[in-house]
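S.K.:
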Amino acid sequence: IFQPANTDYLDFARFPFLTVTIISLEFMRVTHCGLKEAFDRLFQTSEGKRKLNWPVVIGTLLRVGIILFCLTLYTWTNDPETLAACGFAAVFSVFLTHLLNTAFIEKTKMTLVEDKCSRKHRPAMGNGRS
227 IFQPANTDYL
237 DFARFPFLTV
247 TIISLEFMRV
257 THCGLKEAFD
267 RLFQTSEGKR
277 KLNWPVVIGT
287 LLRVGIILFC
297 LTLYTWTNDP
307 ETLAACGFAA
317 VFSVFLTHLL
327 NTAFIEKTKM
337 TLVEDKCSRK
347 HRPAMGNGRS
């Protein structure tokens, strides 16, 4: 059986794989609806004012933290079982943050639609009629 004399490059090459995979998933998610819309999701417009949509911002920061965790994982452990468990936890965490972000985005959209509809169908106030 052929065994390379120096296997350090093999150890280093397998660790960024999880990070590259998660970053690729994030790029697919962001580019699915377009970069501008993905950026606009970080904000919400209420009463003509644009402010941060904090649940979406927190979800985004959590995903950045997961990516940083995966990027530095190779410095903490070389144990295959631990790496597999951390990889599963990282992918599951990305799934959960995506699910929560989607729920908050849809809730925000529904609130905006309900708000527009209620303004549109609200009777005029102060017109002197009873």
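Here the sequence shown stands for residues 227 to 356, where the numbers follow this note's numbering. In this text, a Cβ means the ideal position worked out from N, Cα and C, and glycines have one as well.
Just the C-alpha distance for I331 and R289, rounded to the nearest angstrom, thanks.
M.R.: 16 Å
S.K.: So, is N279 buried or exposed, given that buried needs 16 or more other C-beta atoms within 10 angstroms?
M.R.: Buried is the label assigned to N279, since at least 16 other Cβ atoms lie within 10 Å of its Cβ.
S.K.: In whole angstroms, what separates the C-alpha of K275 from that of F269?
M.R.: 10 Å
S.K.: One question on the structure: do A316 and I248 come within less than 9 Å of each other, judged by their Cβ atoms?
M.R.: Yes, the pair counts as a contact, with Cβ atoms nearer than the cut-off.
S.K.: When the Cα atoms are used, what is the spatial distance from K333 to I284?
M.R.: Looking at the two C-alpha atoms, the distance is approximately 16 Å.
S.K.: Apart from the five residues just before and just after L297, which ones in its own chain have a Cβ nearer than 6 Å to its Cβ?
M.R.: T245
S.K.: What does the alpha-carbon distance come out to for the pair P281 and S319?
M.R.: Here the C-alpha atom of P281 lies approximately 15 Å from the C-alpha atom of S319.
S.K.: Taking the straight line between their C-alpha atoms, what separation do you get for F253 and A310?
M.R.: 23 Å
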